[in-house]
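In what follows, a single structure is set out as structure tokens and then discussed.
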Amino acid sequence: MKHRWTKGAPHKPERRLGAFAAAAGKWRKGIFLAVGLMAALLRFHGMDAEFDGIATVRAAENPPEKLQRFEYAAEAMAEPLKIILYAPDEPTAERAAQAALDRIHQLNDILSDYDPESELSRLCLQAGRDKPVRVSEDLFRVLAAAQRWSERTDGAFDMTVGPVVRLWRRARRSRQMPDPTAIEQARQLVGYQNVLLDPDRQTVLLKKAGMRLDPGGIGAGYAIDEALRVVYKHGIRRVLIDLGGDIRLGEPPPDRAGWRIGVPGLDPKAPPREFLLLSRCAIATSGDAWQFVELGGRRYSHIIDPKTGMPLQARCSVTVVAPDGLTADVLGTALNVLGPEKGMKLVEDTPGAAAWMIRAAETGPVTIASSRWIHLPREKTPASERSSFSLDSSTPKKADKKKLDKMPEQEKPGVAPPGKRSGAATP
Ligand code: AMP
Ligand code: MG
């Protein structure tokens, strides 16, 4: 089936070339994204900054190509998808964007945990049957990467949190605390050690009946990497792919130093804290800004500590820059669980990764940056112009509602599901 861009998008691509034209000021899962030419950025012309594998600033070294800007928007994996690319003509742009969208939908059909027909859901039905299941290359790749990260994070990142996540998703909707016995039972099913992968046969064995794999912290990252690959195959390299705030960047726009990407603080309503100028890498933000529930006066994040089965409660936002989307996505989630000390050590040990973390403390917000973060190219903003924010000013009810509205219908109580796409990413 051919998937479509939202009405008018492929046929009437936006070609605004003015500064900040693209998506300035629009929140998506905590990341602001603005694309545009800042005259000042041209100062970076000719500079080629490389650090540990990420080339973040690179100017157009050839005579300016005759490229036009095209922008497409759609929904995929239950998240807003935006692709901005520079192509010589509209048919080329459209073919590339359509192929990327098709690829993301194909991955959703494999990875969705909402769609009972997805390959992932069907695999989970085989849990506890003691029979290895042969899976597609994509699913195997995602699971193998997840396993590697579970080992590296000592289980702080763990796709087997599915049963616990389910309980807390229900709590979010019903606004009722889950039953402690149910939490404990669900927690018993968590443990990446119970996922056995056989790379030779490309098979997966889930040891315990009732196990469920949750793609929410890795699926979007993998999908944007694959989408970028597809766009590159169409000969287009100046591209930005934003899937619900997981952003993958190719080469920068013509004559620009990099894509201008805003880094959020704790308050989703406040303007970005600063703007990075990036290309040929990925950036993702993870935290409780958008997805949380307040129960009994406490705020529970959508991120779970697999060791306790409880959601995180400290207000935290982590932004990660990494060479690829999967790494940025996973690290963002993992750092929330690991906390600053272990988390930043992991980032320092990961080639090309940089992270910035902001956490609420009694004395006010505390920020921590990794060593590579400090050296990322950024737009210089005078301190006086930087936005301030208040922890209490965040009233994300509206934002939260937006998220819930995007939820696949079968997850909403009492609503029939016809024809709605399900999402690999958590709504
Ligand atoms: P992200 O928004 O990338 O931080 O991903 C968060 C999503 O990942 C949650 O909504 C869950 O679906 C899933 N998740 C929650 N906790 C964990 C965890 N400890 N390890 C892996 N995935 C998790
Ligand atoms: Mg993540």
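In terms of our numbering, the sequence shown has 415 at position 414, counting the first letter as 1, and numbering is strictly consecutive. Each residue gets a CB set at the ideal place from its N, CA and C atoms; glycine is no exception.
Tell me the residue span of the alpha helix (DSSP H) that contains residue i.
| i | result |
| --- | --- |
| P341 | G326 to E349 |
| R153 | E138 to R153 |
| A172 | G163 to S175 |
| Y301 | It is not in any alpha helix (DSSP H) - Y301 instead sits in the beta strand (DSSP E) that spans R299 to S302. |
| V232 | G220 to K234 |
| R188 | P181 to Q189 |
Nearest to residue i by CA position, among the options, is which residue?
| i | options | result |
| --- | --- | --- |
| V162 | A187, T154 and L313 | A187 |
| S302 | W169, I85 and E138 | W169 |
| A258 | A157, T154, I85 and L279 | L279 |
| R202 | I111, R135 and L112 | R135 |
| A335 | R104, P117 and F158 | F158 |
| T309 | W357, Q127, V191 and E80 | V191 |
| P216 | P200, I284 and V143 | V143 |
| L296 | R174, P89 and K67 | R174 |
| A221 | E72, W374 and T286 | T286 |
| F293 | D247, Q177 and P272 | Q177 |
| G288 | P312, L347, D325 and Q127 | P312 |
| A224 | P341, E349, A329 and G340 | A329 |
| G211 | W260, D131 and W150 | D131 |
| T351 | R360, S372 and G340 | S372 |
| V240 | L206, K270 and L229 | L229 |
| E80 | D243, E252 and L277 | D243 |
| D180 | V165, T364 and Q194 | V165 |
| W357 | T364, G365, V348 and E363 | V348 |
| L206 | A145, D155, R299 and G218 | A145 |
Which two residues bound the contiguous beta strand (DSSP E) that contains residue i?
| i | result |
| --- | --- |
| S287 | C282 to G288 |
| I369 | G365 to A370 |
| A362 | A355 to A362 |
| D268 | Where D268 is concerned, there is no enclosing beta strand (DSSP E), given that its DSSP letter is neither H nor E. |
| F158 | Taken as a continuous stretch (DSSP letters only), F158 belongs to no beta strand (DSSP E), as it is neither H nor E. |
| E275 | E275 to L279 |
| D215 | Looking at the DSSP string, D215 is not in any beta strand (DSSP E), and its letter there is neither H nor E. |
| E295 | F293 to L296 |
| I248 | D247 to L250 |
| F199 | According to the sequence shown, residue 199 is Asp rather than Phe. That run of the beta strand (DSSP E) goes V196 to D199. |
| R244 | Per the sequence shown, residue 244 should be read as Leu rather than Arg. Per DSSP, L244 belongs to the beta strand (DSSP E) from V240 to L244. |
| I262 | W260 to V264 |
| L207 | T204 to L207 |
| T309 | Counting along the chain, T309 falls outside any beta strand (DSSP E), and DSSP gives it neither H nor E. |
| A323 | C317 to A323 |
Under 6 angstroms from any heavy atom of the ligand AMP, does the C-beta of residue i make it?
| i | result |
| --- | --- |
| V294 | no |
| P159 | Reading the sequence as shown, one finds Asp at residue 159 and not Pro. Under cutoff, so the answer is yes. |
| I304 | yes |
| V134 | no |
| D215 | yes |
| P307 | yes |
| V166 | yes |
| V196 | no |
| V348 | no |
| V264 | no |
| V162 | yes |
| V191 | no |
| V143 | no |
| V240 | no |
| V338 | yes |
When a residue counts only if its C-beta is closer than 5 angstroms to some heavy atom of the ligand MG, which residues count, in chain order? After applying the 5 angstroms Cβ criterion, the set is G218, S287, D330, G333 and T334.
Would you mind listing the alpha helix (DSSP H) stretches within the stretch 74-121 that are 4+ residues and don't spill past its ends, in chain order? Segments of the alpha helix (DSSP H) lying fully in the stretch 74-121: 91-112.
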